[in-house]
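Everything on this sheet refers to the single structure shown next.
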Amino acid sequence: MMVLKGFAAKYFLQRTPSFFFRFWKSEAALSMLKKFISYYKPHWKLFAADMVCAVMIAAVDLLFPLVSRYAMQNLLPDKAYAAFFAVILLLVISYLLRAGFQYFVGYWGHVLGVRMETDMRRDLFTHLQKLPFSFYDRNRTGHLMSRVVNDLFEVVELAHHGPEDLFISLVTLLGAFAILLTIQWQLALLVFALVPLIILFTASRRLKMNRASRQVKERTAGINADIESSISGARVAKAFNNESYEIEKFEEGNNRYRTAKNGFYKQMGIFTAGMDFLTSIMNVAVIAFGGLLIMSDSGLDYIDLLTFSLYVGTFLQPIRRLSTFVEQYTVGMAGFRRFQELMATVPDITDNPDAVPLRNVQGDVIFENVTFSYDSDVRVLSGVSLHIPAGKTLALVGPSGGGKSTLCHLIPRFYEISSGRITVDGKDIREVTLSSLRSSVGIVQQDVMLFAGTIMDNIRYGRITATDEEVMEAAKKAEIHEDILQMPNGYQTYVGERGIMLSGGQKQRVSIARIFLKNPPILILDEATSALDTVTEAHIQAAFDTLSQGRTTLVIAHRLSTVRHADEIVYIDAEGIREKGTHEELMQQGGLYASLCAVQFQTSKDS
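When we follow this note's numbering, the leftmost residue of the sequence shown carries the number 31, and every step to the right adds one.
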């Protein structure tokens, strides 16, 4: 029997996921476990109550066979019928209480899990808000969504069921074994020797089910990604008449999912059939060995044998719980590890300890020998020096990829410069708080991001505390007020996902209204009219002219007609700043800017 136990332990160690044991061996993993446990702290009273209820459930399960044995051995033979029915009544009351404890565990235990989930999701979302542009450049939205939603669900399943399953299983198994030893130690050893076999089978089959389940999840993730991509690109698919291609692509993923699901159900069928067989064999073994003991006059009677049979059923539920716990622990801690990896991503752009608020901003911006690269291999800007006096307009022109947008994004510290420095009103932007710096900068881009809400909500995003009257005043300045009034629900009109219900010009003017509401001293117009037709562009340009008054303005434009009145024009390409001056000065030089103007003029003339 000891050899069997030794073999069982060795097999279990070999078959249990290596991650489960590696987890306990590393200090980093122990630190992660402490972090996981820390999420119980705000809810420790609810957790303690949940565990107390779990103990009471296990106690009732353990006492029922023992009380039944006492009643059958002592009360019925002595014809103490009143006492017998009193015991039955106590059992009914105990099971009513057990139902109450089970309700608490089923309801409040899940509430505990949900509270922990919301705490983790809050921490993760708050952390994501602190991460820089470069992080989102490297990570897909769908993957981040999976971490915020799917991974945390697995973690919370472990948070709720893990301690409960482990505790109940250990209490029940050890308690039942101790009771059985007091009844008939030989039969108790037989039962306990058979338990590792069931655990081995359960653990091994659970591992295979887990692998099959992972394949299903991967296929599900693939289907979700395909659906998201297809729905987002539905207009493109229709434009290219590629609906049949999208359907075929989805069918391939759907078939892979079906195959994976079939594999999972096959493993589940083997597991269910095997557990039923082993359960039946354990009952047969108990009856057979118990019968031999009765025949040999070992002191075991029929009532003891019946009690043993009842405890066999008591053993099975904890075994299932333990096997489930192994799977939950593996999956849940893997999810928590991914959660911690994301939480451990350190924002590379943060407030310095001595950072001070930027106050009374005039908007004098200076670039001093600024160098920047997205990674160590590709340098985007090298030794850039510029001065944009307060209230003046600087236009940036040149070929795509020359670093125009990047240069502008360095001012609000969306990216961190590699060397040099940038100052606003003489203060290094790294020495002022990010909040005050970004409050001082307004950006209007070509690709306008509108949230799936009302027009009122989208304009108010420029200043969350603005009143309705202030929102309307901003809309008037952006020349969108009249358009809004003609919409079905006025300012409460729903704009659709990413503003799909509005025209390009309307979306752009909503974004301009945001900036009017924000009222920043520094304004960046990043190719804000390049996607618009000439008539709409001229209409919006008037709003830009109003918006730019009294502000330091950086304009990025491919249509040079919109920047010829700038105070200074800079031609920039991959080699850096090539030319600087007013429109007239650069035209007289006959250089790159003049050539670019000539090409655009000729193109416009030919069209």
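From the three backbone atoms N, C-alpha and C, an ideal C-beta is built for every residue, glycine too.
None of these values were measured; they are calculated from a predicted model.
Paired residues, beta bridge with T337 - DSSP: Here the question's residue 337 lines up with position 307 in the sequence shown. Answer is none; T337 lacks a bridge partner.
When burial is assigned at 16 or more other CB atoms within 10 Å of the CB, is M325 buried or exposed? Your numbering for residue 325 matches position 295 in the sequence shown. Label assigned to M325: exposed.
Quickly, what does DSSP pair K457 with across the bridge? List them, please. Taking the first residue of the sequence shown as 1, we reach residue 457 at position 427. DSSP lists V454 as partners of K457.
How many angstroms separate the CA atom of R544 from the CA atom of T497? In the sequence shown, counting from the first residue as 1, residue 544 sits at position 514. In the sequence shown, counting from the first residue as 1, residue 497 sits at position 467. Approximately 13 Å between the Cα atoms of the pair.
For L670, which residues from the same chain have a beta carbon less than 6 Å from its beta carbon, with the 5 sequence-adjacent residues on both sides left out? What the structure shows of the chain is the stretch from 31 to 637, and residue 670 is not part of that stretch, so it cannot be assessed.
Bridge partner(s) assigned by DSSP for Y524: Residue numbering aside, residue 524 sits at position 494 when the sequence shown is read from its first letter. DSSP output for Y524 lists T484 as bridge partner(s).
By Cβ distance, which residues of its chain are closer than 8 Å to Y491, with the 5 residues on each side in sequence left out? Sequence index remark: in the sequence shown, residue 491 carries index 461 (1-based). Result list for Y491: F481 and R544, in chain order.
I want to see whether chain D comes within less than 8 Å of S469, judged by CB atoms only; does it? Included in the structure is just one protein chain, with no chain D present.
On a CA-only basis, which of V454, Q475 and F402 is nearest I447? Give me that one, please. Taking the first residue of the sequence shown as 1, we reach residue 447 at position 417. Minimum Cα distance to I447 is reached at F402.
For the beta strand (DSSP E) that F94 lies in, which residues bound it at each end? Along the sequence shown, one-based indexing puts residue 94 at 64. No beta strand (DSSP E) contains F94, which is instead part of the alpha helix (DSSP H) from W74 to Y100.
Under the three-state reduction of DSSP, which class applies to H588: helix, strand or coil? As a first step, residue 588 is located in the sequence shown; it is residue number 558 there, counting from the start. It is coil, neither helix nor strand.
For the stretch 372-387 and the stretch 459-476, state whether three or more C-beta atom pairs, one from each stretch, are separated by less than 8 Å. yes
Quick one: grab the DSSP three-state call for R443. For the purposes of this step, residue 443 is identified with residue 413 of the sequence shown, where counting begins at 1. Reduced to three states, the DSSP call for R443 is coil.
Can you grab the Cα-Cα spacing for the pair G534 / E512, in whole Å? Locating residue 534 in the sequence shown gives position 504, counting from the first residue. Locating residue 512 in the sequence shown gives position 482, counting from the first residue. Near 16 Å, if we compare the C-alpha coordinates of E512 and G534.
Which residues share a DSSP beta bridge with A425? What you label residue 425 is simply residue 395 of the sequence shown in a count that begins at 1. DSSP, once it has assigned bridges, lists V585 and I599 as partnering A425.
Classify P106 as helix, strand or coil using the three-state DSSP reduction. What you label residue 106 is simply residue 76 of the sequence shown in a count that begins at 1. For the sequence presented, residue 106 should be read as Leu rather than Pro. Looking at L106 - three-state DSSP - the assignment turns out to be coil, as it is neither helix nor strand.
Beta-carbon proximity list for T523, same chain, < 8 Å, skipping 5 on both sides: Here the question's residue 523 lines up with position 493 in the sequence shown. Excluding sequence neighbours, T523 sits near T484, I485, I514, M517 and M531.
How long is the line joining the alpha carbons of R145 and V82, rounded to whole angstroms? The sequence position of residue 145 within the sequence shown is 115, counting from 1. The sequence position of residue 82 within the sequence shown is 52, counting from 1. Cα to Cα, R145 sits roughly 19 Å from V82.
Would you be able to state if there are at least three C-beta pairs under 8 Å between the stretch 582-593 and the stretch 432-440? yes
Ignoring anything shorter than 4 residues, give me the alpha helix (DSSP H) runs that lie fully in the stretch 102-151, in order along the chain. none
Secondary structure at T328, three-state DSSP: helix, strand or coil? As a first step, residue 328 must be located in the sequence shown, where it is residue number 298. Reading the sequence as shown, one finds Ser at residue 328 and not Thr. Correct three-state label for S328: coil.
Over what stretch of residues does the alpha helix (DSSP H) that includes I396 continue unbroken? Counting from one through the sequence shown, the residue named residue 396 turns up at place 366. Where I396 is concerned, there is no enclosing alpha helix (DSSP H), although the beta strand (DSSP E) it sits in stretches over V395 to S403.
Does the Cβ-Cβ distance between P442 and L467 come in under 8 Å? Along the sequence shown, one-based indexing puts residue 442 at 412. Along the sequence shown, one-based indexing puts residue 467 at 437. Against a cut-off of 8 Å, the Cβ pair of L467 and P442 comes out as a contact.
Quick check on DSSP: helix, strand or coil for I554? The count along the sequence shown starts at 1 and reaches residue 554 at position 524. Strand, per DSSP.
Proximity to T592 [Cα-Cα], best of V246, V501 and Q571: By one-based count along the sequence shown, residue 592 stands at place 562. Out of V246, V501 and Q571, Q571 has the C-alpha closest to the C-alpha of T592.
Does the pairing of the stretch 131-147 with the stretch 67-74 give three or more beta-carbon distances under 8 Å? yes
Please classify W215 as buried or exposed, where buried requires at least 16 neighbouring CB atoms within 10 angstroms. Indexing the sequence shown from 1 puts residue 215 at position 185. With fewer than 16 other Cβ atoms within 10 Å, it is exposed.
With distances taken from CA atoms, which of V201, D455, R367 and F546 is nearest P387? Mapped onto the sequence shown, residue 387 falls at position 357. Checking every option, the nearest Cα to that of P387 belongs to D455.
Determine whether the beta carbon atoms of E184 and G362 lie at a separation below 8 Å. Here the question's residue 184 lines up with position 154 in the sequence shown. Here the question's residue 362 lines up with position 332 in the sequence shown. Yes.
Under 7 Å Cβ to Cβ from M298, same chain only, skipping five residues before and after it: list those, please. As a working note, residue 298 is residue 268 in the sequence shown. Counting only Cβ-Cβ distances below 7 Å, and skipping sequence neighbours, we find M239.
Cβ neighbours of G393 in the same chain (closer than 6 Å, five flanking residues each side left out): Position 363 of the sequence shown, counted from the first residue, corresponds to residue 393. Closer than 6 Å at Cβ, skipping near neighbours: A420, P551, I552 and T582.
Check the DSSP bridge columns for R409 and list the partner residues they point to. Working through the sequence shown from its first residue, we reach residue 409 at position 379. DSSP output for R409 lists S403 as bridge partner(s).
Tell me which same chain residues have a C-beta within less than 8 Å of the C-beta of Y100, skipping the five on either side of it? Indexing the sequence shown from 1 puts residue 100 at position 70. Same-chain partners within the cutoff: V117.
What would DSSP say about S199, mapped onto helix, strand or coil? As a first step, residue 199 is located in the sequence shown; it is residue number 169 there, counting from the start. Note: S199 maps to helix in three-state DSSP.
For M617, collect the residues of the same chain with a Cβ closer than 6 Å to its Cβ; drop the 5 residues on either side in sequence, then sort them by chain order. As a working mapping, residue 617 is identified with position 587 in the sequence shown. A624, listed in sequence order.
To which residues of the same chain is Q245 closer than 7 Å at the C-beta, ignoring the five residues directly before and after it? For the purposes of this step, residue 245 is taken as the residue at position 215 of the sequence shown. So the list reads A290 and G293, once near-sequence residues are dropped.
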